[in-house]
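See below for the structure under consideration.
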Amino acid sequence: MPAAKLTSPGQLVIPKPVGQHLRLQPGDRVDFVIRDDGEVVVQPAGDVGPDVGKPLHFEVLQ
């Protein structure tokens with residue numbers, strides 16, 4: 018099982034076999050999903066698009 022070590026600035030290096038399995042490229046983002054049972058799942062981050070962080074208008078939410 019691949020493992021990673023936490024650095025003092027709080028960074029993890031994703032082991033190469035895991036990055037290859039997830040088809041990650043340099044600069045890609047990943048999500049860490051914490052399940053109810055405590056298991057942590059690492060997955061490629063979804064495309065959030067250019068409007069992330071911008072205010073939503075009511076019409077957009079309908």
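Residues in the sequence shown are numbered from 18 upward in steps of one, following this note's numbering.
Glycine included, each C-beta is placed from N, C-alpha and C at the ideal position.
Between residue i and the rest of its own chain, which residues show a CB-CB distance below 7 Å, the 5 nearest in sequence each way excluded?
i, result
"L29", "A21, L23"
"R46", "A62"
"P34", "P19"
Output yes or no for whether 9 Å exceeds the beta carbon distance between residue i and residue j.
i, j, result
"P19", "P32", "yes"
"D48", "Q37", "no"
So, for residue i: in the same chain, excluding its five sequence neighbours on each side, which residues have a beta-carbon less than 8 Å away from its beta-carbon?
i, result
"R52", "V58"
Tell me the DSSP secondary structure of residue i in three-state form.
i, result
"Q37", "helix"
"V47", "strand"
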